[in-house]
Ligand SMILES: *Cc1c(COP(=O)(O)O)cnc(C)c1O
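Residue numbers (my numbering): -4 to 354.
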């Protein structure tokens, strides 16, 4: 039996995709073997690989002058890799510190180049993103790094920063949930395990013209120019997540593409925020309304001691993964693209019922 899985990542995937994988897994389209057993340099895999890239281009509306790459190591490796590749001597990386993931990007970037914090939400307990006017940028800034959605804190940008230098973004947890203004970006990256696929790959988009200036004196796997010019096939690519991602993207296309995903994200999260806001303080969300995340809804129960009971009872009713990140506690409902509206409805019904019983 399937349950509603509100886990922050890895997380729920569309059931039709899982069923398709299951049905063809052992003998992929009469090849006599599964996709994960065959050479990545054979036509069936190449079709999946190129198909996934083509679909990503189409659904994310990626301009022609960007390359699409699959790289292993998760978003975490991109924290280091982007600084290694982009921060040539004399240039600086500016970072907007909106929470735990942004902080990690800064820490790792600092190992490889000159970085500084252009704005920090730390003293505000990471309850909002900044206005562009609040950013303090220095000369020779190569990029401004932002985390479009803070998965742990439940904070999301709803207006993109207006800055005079290119943006670089970690979009791990809000990929395919809204349009990306590509003209502002040199680089966009994200682990696929939150909105697109099983864990094991990052999906990275890079403006092709900047590849002329990325560093070459790096271990070969760490070079963006290699991944881009070799079509993510310099070495063995992460076959399984790419294979499943191709199917997830096809599912999204059939569901109506980006605009449909965006609409559903608004509905799901809207329902939960409405329940929180109408609970007379029984449930609270600490984030400023304009910065609330449509992907990760964090909330507390005023009587914090009730939270374990809430989480346990929800699990009994077929809703799992509602425990907040261990660093912040509380509750968190991650409502990514594959979460049906029925999941948010079931959760909000339970929230109302729980409040009535114990409030
Ligand atoms: C999950 C997450 C990461 C870390 O991703 P890994 O693929 O596990 O390295 C980084 N940034 C954000 C915003 C995330 O949600």
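Glycine included, each C-beta is placed from N, C-alpha and C at the ideal position. Note that this is a predicted model, so its numbers are computed, not measured.
Could you give the C-beta distance for residue 47 and residue 237, rounded to a whole number, given that I count them as a contact under 8 Å?
5 Å
Sub-8 Å separation of residue 50 and residue 244 beta-carbons:
yes
Check the C-beta distance from residue 82 over to residue 253 and give it rounded, since I have them as a contact under 8 Å.
Residue 82 to residue 253, Cβ: 32 Å. No contact.
If you draw a straight line from the C-alpha of residue 127 to the C-alpha of residue 284, how long is it?
17 Å
Apart from the five residues on each side of it in sequence, which residues of its chain come closer than 8 Å, Cβ to Cβ, to residue 278?
270, 271, 294, 295, 296, 297, 346 and 350
On the criterion of 16 or more Cβ atoms from any shown chain inside 10 Å, does residue 140 qualify as buried, or is it exposed?
buried
Using DSSP's beta-bridge definition, name the partner residues of residue 291.
329
Helix, strand or coil: which one does DSSP assign to residue 316?
coil
Whose CA, out of 248, 318 and 262, lies closest to the CA of residue 9?
248
To the nearest angstrom, how far is the alpha carbon of residue 160 from that of residue 197?
24 Å
Would you say the beta carbon of residue 151 is closer than 7 Å to some non-hydrogen atom of ligand 1?
no
Cβ-heavy atom distance, residue 26 to ligand 1, below 7 Å:
no
How should residue 355 be labelled, buried or exposed, when 16 other C-beta atoms within 10 angstroms of its C-beta is the threshold for buried?
Outside the shown range of the chain, which is -4 to 354, sits residue 355, and nothing can be said about it.
If you follow the alpha helix (DSSP H) that residue 270 is part of, which residue opens it and which one closes it?
252 to 272
So is residue 225 in contact with chain C if we call contact Cβ pairs under 8 Å?
Here there is only one protein chain, and chain C is not present.
When you measure from the CB of residue 299 to every non-hydrogen atom of ligand 1, does any distance come out below 7 Å?
no
Let me know if residue 355 comes out buried or exposed under the rule of 16 or more other beta-carbons within 10 Å of its beta-carbon.
Beyond the ends of the chain as shown, which are -4 and 354, falls residue 355; an answer cannot be given.
Nearest CA to the CA of residue 143: which residue from 333, 315, 327 and 287?
287
Report the CB separation of residue 323 from residue 264 in whole angstroms; it is logged as a contact under 8 Å.
So it is not a contact: roughly 18 Å between Cβ atoms.
Could you check which residue in 209, 310, 227 and 195 has the C-alpha nearest to that of residue 68?
195
Grouping DSSP H, G and I as helix and E and B as strand, with all else coil, what is residue 308?
helix
Can you tell me where the beta strand (DSSP E) with residue 61 in it begins and where it stops?
61 to 66
Consider the C-beta atom of residue 186 and the heavy atoms of ligand 1; say whether any pair is separated by less than 7 Å.
yes
Cβ of residue 70 versus every heavy atom of ligand 1: is any distance shorter than 7 Å?
yes
Is residue 190 a contact residue of ligand 1, with contact defined as CB to any heavy atom under 7 Å?
no
Taking 7 Å as the cut-off, does the CB of residue 177 come closer than this to any heavy atom belonging to ligand 1?
no
Determine which residues share a DSSP beta bridge with residue 150 and list them.
145 and 287
Distance, Cα to Cα, residue 235 vs residue 0?
21 Å
Where residue 20 falls, given that 16 or more other Cβ within 10 Å makes a residue buried:
exposed
With a CB to CB cut of under 8 Å and the five nearest residues on each side skipped, what residues in its chain are close to residue 114?
91, 92, 125, 129, 130 and 131
Going by the beta-carbon positions, is the gap between residue 12 and residue 246 smaller than 8 Å?
yes
Is the stretch 30 to 48 in contact with the stretch 215 to 224, if contact means three or more CB pairs nearer than 8 Å?
no
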